[in-house]
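Colleague: The sequence shown begins at 47 in our numbering and counts up by one.
C-beta atoms are modelled at their ideal positions from N, C-alpha and C, and glycine is treated no differently.
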Amino acid sequence: MWLICLSAMFSSCRQRELCYDHSHYSPVSVVFDWSRCPDAEPATMVVWFFPAEGGAGRRYEIIPGGDTSRGGSEFNTVLKVAPGSYRVICHNGETENNLEDGDTFFSYRIHTGDDVLLSPMNRSDNAPCPDGCDTQPVKTEASTLYAHTYPSVVSVAASAGTPVEVRFAPEEVTCVWNVTITGIENLVPGVEASGVVTGAAECWSHADEAASGEDVMVPFPLSQYGGDCLKGKVTLFGVKERDDMPHKLRVYTSYKYYYDFDITDQVRNAPDSHHIEIMLHGIKLPDPQGGNGMSPGVSDWGDTEDVEIKM
């Protein structure tokens with residue numbers, strides 16, 4: 047069976063097709079209602095039609111080009127789909143970090159690639175991972191993901207009459223954790239820092255409509271603000287709903303000292319699970335006059351310091 051790639055989104059577009067005889071396909075009108083995230087500007091939209099009885103699905107990527115129209119917060123296009131019954135999903139494509147895997151409804155997932163703990167500092171040192179988390183793989187942070195799983199099975203008849211309509215209402219399913227650490231002693235210009243959070247979900251599942259996969263660690267950069275503050279943010283697929291999974295933050299510095307925080311309560315008790323503010327205080331870096339900086343050839347890391355979080 048031909049693999050169809052139809053391209054269409056936004057206005058003044060062109061359409062690419064790999065199958066030029068569509069006599070055995072029927073039109074399906076696909077509408078994207080962006081009222082739930084009106085500021086979204088996806089580069090492309092990916093739509094999958096998975097056979098309801100199981101088996102490999104058909105992927106369509108809608109890109110600038112083709113027969114599209116826009117009205118208010120909506121975009122729509124017409125796809126040509128083989129007759130049958132389908133489970134249908136969509137998400138934004140052409141992102142920096144997100145990867146697709148699987149070709150059936152229940153195996154399909156959005157995930158990211160492997161990473162190393164100190165990648166935000168462009169280092170490949172064998173830095174120690176947070177205690178008790180050495181079995182969690184290190185993964186790249188997610189790119190913002192807008193997704194929707196159509197709630198019912200779509201039946202496409204073998205006719206060229208009025209197109210069946212599939213109306214998507216994509217929403218942001220990834221989460222952003224903003225991290226602020228204040229009260230840092232000896233934070234001088236030139237000191238590099240990065241963080242890693244633990245207990246994040248590996249991927250997003252359209253079938254579950256939830257974060258899924260194994261628990262992973264995700265590194266992210268930290269930048270200096272003022273004389274005693276570090277800030278950073280990390281985009282995740284979320285966390286799985288589990289009471290036994292703690293969430294830790296380890297801060298690494300170019301002094302080769304690291305500092306641990308337990309952020310479980312801040313993650314679980316956040317009023318908005320998609321935008322979490324993690325506020326921390328108190329790190330004492332080595333005295334820059336004491337000769338404790340990182341030196342070429344030095345491979346050992348200093349002892350960890352557990353920092354008690356004052357709530």
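#1: Expressed to the nearest angstrom, what Euclidean distance is found between the alpha-carbon atoms of TYR303 and VAL262?
#2: Which residues bound the beta strand (DSSP E) around GLN312?
#3: Just mark ARG82 as buried or exposed, buried being the case when its beta carbon has 16 or more other beta carbons within 10 Å.
#4: By how many angstroms is the C-alpha of SER170 removed from the C-alpha of HIS320?
#5: Check whether the Cβ atoms of ALA86 and GLY139 lie closer than 8 Å to each other.
#6: Do you know offhand how far GLY323's Cα is from GLY178's?
#7: Just to check my reading of the structure: VAL202 and SER75 have Cβ atoms closer than 8 Å, yes? What is that Cβ distance to the nearest angstrom?
#8: Skipping 5 residues on each side, what residues in its chain have a beta carbon closer than 7 Å to that of TYR271?
#9: Are the beta-carbon atoms belonging to ILE135 and TRP80 less than 8 Å from one another?
#10: Closest to THR141 by C-alpha separation, out of THR186, THR181, PRO176, would be which residue?
#11: Given 8 Å as the limit, is there contact between the stretch 141-155 and the stretch 91-107, that is, 3 or more CB pairs closer than that?
#12: Tell me, to the nearest whole angstrom, how far the beta carbon of SER300 is from that of VAL242; I am working on the premise that it is less than 8 Å.
#13: So what does DSSP say about SER165, is it helix, strand or coil?
#14: Check whether the stretch 306-313 touches the stretch 282-294, counting contact only when three or more Cβ pairs, one atom from each stretch, lie closer than 8 Å.
#15: GLY241 lies in the beta strand (DSSP E); which residues open and close that run?
#16: Can you give the beta carbon distance from ASN143 to ALA188, rounded, assuming they're within the 8 Å contact cut?
#17: In angstroms, rounded to a whole number, what distance separates the CA positions of THR226 and HIS327?
#18: Exposed or buried, which one is GLN312 when buried takes at least 16 other CB atoms within 10 Å?
#19: By DSSP's criteria, PRO183 is part of a beta bridge. Which residues make up the other side?
#20: Within its chain, find whatever has a CB closer than 6 Å to the CB of SER251; leave out the 5 residues flanking it on each side and keep chain order.
Modeller: For this structure:
#1: Taking the first residue of the sequence shown as 1, we reach residue 303 at position 257. Taking the first residue of the sequence shown as 1, we reach residue 262 at position 216. Whole-angstrom Cα-Cα distance: 22 Å.
#2: Counting from one through the sequence shown, the residue named residue 312 turns up at place 266. Segment 310-314 is the alpha helix (DSSP H) holding GLN312; no beta strand (DSSP E) there.
#3: Position 36 of the sequence shown, counting from 1, holds the residue named residue 82. ARG82 should be labelled exposed.
#4: Start at 1 with the first residue of the sequence shown, and residue 320 comes out as number 274. Start at 1 with the first residue of the sequence shown, and residue 170 comes out as number 124. Straight-line Cα distance between these residues: approximately 30 Å.
#5: Here the question's residue 86 lines up with position 40 in the sequence shown. Here the question's residue 139 lines up with position 93 in the sequence shown. No, Cβ-Cβ distance for ALA86 and GLY139 is not below 8 Å.
#6: In the sequence shown, the residue the question calls residue 323 occupies position 277. In the sequence shown, the residue the question calls residue 178 occupies position 132. One detail in the question is off: residue 323 reads as Glu in this sequence, not Gly. The alpha-carbon atoms of GLU323 and GLY178 are separated by roughly 24 Å.
#7: Taking the sequence shown and counting its residues from 1, one reaches residue 202 at position 156. Taking the sequence shown and counting its residues from 1, one reaches residue 75 at position 29. About 11 Å; that fails the 8 Å criterion.
#8: As a first step, residue 271 must be located in the sequence shown, where it is residue number 225. These residues qualify, in order along the chain: LYS277.
#9: As a first step, residue 135 must be located in the sequence shown, where it is residue number 89. As a first step, residue 80 must be located in the sequence shown, where it is residue number 34. No, the Cβ-Cβ distance between ILE135 and TRP80 is not below 8 Å.
#10: In the sequence shown, counting from the first residue as 1, residue 141 sits at position 95. Comparing Cα-Cα distances from THR141 to each of THR186, THR181, PRO176, the minimum goes to THR186.
#11: yes
#12: As a first step, residue 300 is located in the sequence shown; it is residue number 254 there, counting from the start. As a first step, residue 242 is located in the sequence shown; it is residue number 196 there, counting from the start. The Cβ separation is near 15 Å, so there is no contact.
#13: Counting from 1 along the sequence shown, the entry for residue 165 is found at position 119. Three-state result, SER165: helix.
#14: yes
#15: Working through the sequence shown from its first residue, we reach residue 241 at position 195. Its beta strand (DSSP E) spans residues 239-251.
#16: If you number the sequence shown from 1, residue 143 lands on position 97. If you number the sequence shown from 1, residue 188 lands on position 142. With a Cβ gap of about 6 Å, ASN143 and ALA188 count as contacting.
#17: Position 180 of the sequence shown holds residue 226. Position 281 of the sequence shown holds residue 327. Near 8 Å, if we compare the C-alpha coordinates of HIS327 and THR226.
#18: Taking the first residue of the sequence shown as 1, we reach residue 312 at position 266. It is buried - the Cβ of GLN312 has at least 16 other Cβ atoms within 10 Å.
#19: Position 137 of the sequence shown, counted from the first residue, corresponds to residue 183. Beta-bridge pairing links PRO183 to no other residue.
#20: Counting from 1 along the sequence shown, the entry for residue 251 is found at position 205. Cβ within range, chain order: ARG155, SER258.
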